[in-house]
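To start, the structure under review is shown below, and the notes come after it.
Protein chains: 2
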Amino acid sequence: MTTMADVAKRAGVSIMTVSRVVNNSGYVKPSTRQKVLAAMQELNYVPKGQQSSPHDTWMLIVPDITNPFFTFIARGMEDVARKHGFRVFIANTDEDLQKEQEYVQMCLDYQVRGALVVPVGDPSRENLVRLTEHQVPFVLIDREIEGLDADLVKGDIRETSRRLVEHLLDLGHERIAAVVGPLHSASSRERLDGYRDALLHKGLPVDESLIFTAPMTRDMDASFVDALVGRSDAPTALFLGNMFQYAHIVRRLRGLGLSIPHDISVVSFGNTDDLASVDSLATAAVQPAYNYGSLGAQLLLERIEGVRKTSTRIVLHSEMVVRSSTAPPPVRMTKKR
Amino acid sequence: MTTMADVAKRAGVSIMTVSRVVNNSGYVKPSTRQKVLAAMQELNYVPKGQQSSPHDTWMLIVPDITNPFFTFIARGMEDVARKHGFRVFIANTDEDLQKEQEYVQMCLDYQVRGALVVPVGDPSRENLVRLTEHQVPFVLIDREIEGLDADLVKGDIRETSRRLVEHLLDLGHERIAAVVGPLHSASSRERLDGYRDALLHKGLPVDESLIFTAPMTRDMDASFVDALVGRSDAPTALFLGNMFQYAHIVRRLRGLGLSIPHDISVVSFGNTDDLASVDSLATAAVQPAYNYGSLGAQLLLERIEGVRKTSTRIVLHSEMVVRSSTAPPPVRMTKKR
Chain A
1 MTTMADVAKR AGVSIMTVSR VVNNSGYVKP STRQKVLAAM QELNYVPKGQ QSSPHDTWML
61 IVPDITNPFF TFIARGMEDV ARKHGFRVFI ANTDEDLQKE QEYVQMCLDY QVRGALVVPV
121 GDPSRENLVR LTEHQVPFVL IDREIEGLDA DLVKGDIRET SRRLVEHLLD LGHERIAAVV
181 GPLHSASSRE RLDGYRDALL HKGLPVDESL IFTAPMTRDM DASFVDALVG RSDAPTALFL
241 GNMFQYAHIV RRLRGLGLSI PHDISVVSFG NTDDLASVDS LATAAVQPAY NYGSLGAQLL
301 LERIEGVRKT STRIVLHSEM VVRSSTAPPP VRMTKKR
Chain B
1 MTTMADVAKR AGVSIMTVSR VVNNSGYVKP STRQKVLAAM QELNYVPKGQ QSSPHDTWML
61 IVPDITNPFF TFIARGMEDV ARKHGFRVFI ANTDEDLQKE QEYVQMCLDY QVRGALVVPV
121 GDPSRENLVR LTEHQVPFVL IDREIEGLDA DLVKGDIRET SRRLVEHLLD LGHERIAAVV
181 GPLHSASSRE RLDGYRDALL HKGLPVDESL IFTAPMTRDM DASFVDALVG RSDAPTALFL
241 GNMFQYAHIV RRLRGLGLSI PHDISVVSFG NTDDLASVDS LATAAVQPAY NYGSLGAQLL
301 LERIEGVRKT STRIVLHSEM VVRSSTAPPP VRMTKKR
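Respectively, the protein sequence lines represent chains A and B.
Numbering-wise, UniProt numbering puts 333 at position 333 of the first sequence, and it's gapless, one number per residue.
Numbering-wise, UniProt numbering puts 29 at position 29 of the second sequence, and it's gapless, one number per residue.
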């Protein structure tokens, strides 16, 4: 495929000049224009359609590229994008607002046609408003932003959290600790809401000392569980925010000599990757991340094509898979004695 | 952060015009130039350095964004890129040469400063030559390309394959089947070389009927194992190419009623993700994918800075983790009778 750079080289001019000729914008000396057009013809250069341009490009901004949950979103987005002649760039913010701002900036500088964004959290609002100001349509994925009216595709996190905790309650657990992500993210607050819903519905008190926030990232520090399980009123079960928290906390618990589920039960939001979980023991909820991406891309398309002017909000159901990380609570030693 | 678009809006001109003023290229009417400069000052617009531009951008081209092995490469690349003021776009080829060509094209059209590429395989050569032709430096990651002299970071795949198979031989297995990816990829050929090395070193014949190629992707079809384990001379162990093959084949074997490792042992190249593998049973080799990305980025930097003119080839050691998917071969029923 011939590029603008090829044409520029052949015509002996800058790429900028070729761009000006191609886009009919800006001043180009007639003799130079002639040279560029001749080079385009010689090289069979096709200026639009088959040529990648900012207007063929979508951006996906995710907070953690190493979390399969987000790469599945990428996969779903791409399948729709390609069907409609768009290509996707993926950018990773590492849950960092500054990096998010930079990639939003790149959306503007590169004039991408639209974006799917999994925002860091509510403070991302300022970054996203810039997209709107510059008429770059975007769709929020997974995390709602308080007070921001935007297209959205997310999971039924509150209901799913409630179901996960109810599974523990049904097994007989009454002291259940919750670990969720930072509360600037709606997806963490919704997890906690669901946890409370389940306890309150069962008529159990919510013990705030059993509620923890911790990063949902690969480098989270699970050492706080040492004190938690060492308490005289230690929980018999844990409700966790995602697979990174599951992995770190389960590893920590095993390191403390605890056996799962005999000593302590664990439920978690899960890995979307049914393949990675072929050996998994985790009782977990699995979100349809691929569909977050594909439906988000559909919403974006509608915006680009101008067929819809008001925001659409899509909430998808999660599956719960019961595996072997959960069992009835252990018989208390105090009762035995 | 103020963008060119902001300046353009304020000055009432096109972004292209602002770009011409900023880059001192092309014709701009003096009065227009004055307006643009005034707008830049009013908005505190910083034209270079803090401004994203193609020259701040690197591209990572991977064959499967949903494979954690490749997202770890992204993570390693990004950490180095950011330290040096570069940002990274990630593109996913789906092991498809056509998509690879398109993303290479985008590297040219967007004038990215450099790229890390995990190529589809040897036929990717033509795509990559285009990068060289346009002076876009790149580093090959994971997969060498026959006859292409380029910077490279990869694993010691042949030696690691040999060690995985030797682990099976040491347990007493003699009939070991191999499943690797398509042979247009050097990384698949190297797996097979290591498999042969191990058998030949032990003085065992290589039975070509026990060698299979299958996709290394999430959608691979493992149904061929039905016939394999149904043979009268069925293998007692399998050597597999990656975690997708492991997951599909293990699932298939379990579906056939086989127990691992009692009925059949399985070794595989592994998931780089030590967290995803918290519950894993797989005896597997783990490649330092993060370092592929970070060292690849270092090599790219050297090229961009022009401090090195000849190709460098870095080969990294893989760890082997023995878990519970391997055991001595079952006692043959024929021997019992």
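Quick reminder that beta carbons are idealized off the backbone N, C-alpha and C, glycines included.
On a predicted model such as this, the values are computed, not experimentally measured, just so you know.
Measuring C-alpha to C-alpha distances from L164 (chain B) to each of B:L238, B:S19, B:D207 identifies B:L238 as the nearest.
Of all residues in the stretch 207-219 of chain B, only R218 come within less than 7 Å of chain A when Cβ atoms are compared, listed by chain position. Here M59 (chain B) is bridged, per DSSP, to B:F89, B:A115.
The stretch 221-229 of chain A and the stretch 191-205 of chain A do not touch, with fewer than 3 CB-CB distances between them shorter than 8 Å. For L183 (chain A), the number of other beta carbons within 10 angstroms of its own is below 16, and it is reported as exposed.
Judged by DSSP secondary structure, T283 (chain A) falls within the beta strand (DSSP E) whose first and last residues are 283-286. Of all residues in the stretch 56-89 of chain B, only I65, T66, P68, T71, F72, A74, R75, E78, R87, F89 come within less than 7 Å of chain A when Cβ atoms are compared, listed by chain position.
Contact of T3 (chain A) with chain B by beta-carbon distance below 9 Å involves Q105, L108, D109, R130, H134.
A Cβ of chain B is located within less than 9 Å of the beta carbon of V250 (chain A). Closer than 9 Å to the CB of S124 (chain B) there is not a single CB belonging to chain A. With contacts defined as CB atoms closer than 9 Å, P119 (chain B) and P68 (chain B) fail to qualify as a contacting pair. For D79 (chain A), the closest of A:L295, A:E302, A:I304, A:I157 by C-alpha to C-alpha distance is A:L295.
Judged by beta-carbon spacing, G241 (chain A) lies beyond the 9 Å limit of R20 (chain B), meaning their Cβ atoms are not closer than that value. Within 7 Å of the CB of L97 (chain B), no CB atom of chain A is found; the nearest one sits about 13 Å away. In this structure, the alpha-carbon of M40 (chain B) lies about 38 Å from that of Q101 (chain B).
Not one beta carbon of chain A lies nearer than 9 Å to the beta carbon of S268 (chain B). Residue ranges of uninterrupted alpha helix (DSSP H) with 4 or more members, entirely inside the UniProt domain "HTH lacI-type" (2-47) of chain A and ordered along the chain, are 4-11, 15-23, 30-42. When C-beta distances to chain B are compared with 9 Å, the residues of the stretch 275-287 of chain A below that value are L275, A276, S277, V278, D279, S280, L281, A282, in chain order. Taking the beta carbon of M16 (chain B) as reference, the chain A residues within 9 Å of it are M16, S19, R20, N23, S25, G26, listed in sequence order.
The beta carbons of G306 (chain A) and G76 (chain A) sit no closer together than 9 Å. Between the C-alpha atoms of Q111 (chain A) and V136 (chain A) there is a straight-line separation of about 8 Å. In chain order, F89 make up the part of chain A whose C-beta sits under 7 Å from the C-beta of A91 (chain B). Distance from the Cα of V322 (chain A) is smallest, within the candidate group A:S265, A:T310, A:P329, for A:S265. Distance check between P328 (chain A) and each of A:V28, A:L168, A:K99 places A:L168 closest, using alpha-carbon atoms only.
Our two residues, H173 (chain A) and A198 (chain A), have alpha carbons roughly 12 Å apart in a direct line. By the rule that beta-carbons nearer than 9 Å mark a contact, Y246 (chain B) touches chain A.
L60 (chain B) and E166 (chain B) have their C-alpha atoms some 35 Å from each other. Here V179 (chain A) is near I249 (chain A), since their CB atoms are less than 9 Å apart.
The continuous stretches of beta strand (DSSP E) do not include S259 (chain A), and DSSP gives it neither H nor E. Between S268 (chain B) and A284 (chain B), the gap from beta carbon to beta carbon is short of 9 Å. By the neighbour-count criterion, in which 16 or more other beta carbons inside 10 Å mark a residue as buried, Q34 (chain A) falls on the exposed side. When DSSP states are grouped into helix, strand and coil, R308 (chain B) belongs to the coil group. Within a 10 Å sphere around the beta-carbon of L210 (chain B) sit 16 or more other beta-carbons, which makes this residue buried. Using a Cβ-Cβ cut-off of 9 Å, D94 (chain B) counts as an interface residue toward chain A, since at least one Cβ of chain A sits closer than that to its own.
If you look at M320 (chain B), you'll find it in the beta strand (DSSP E) that goes 319-321.
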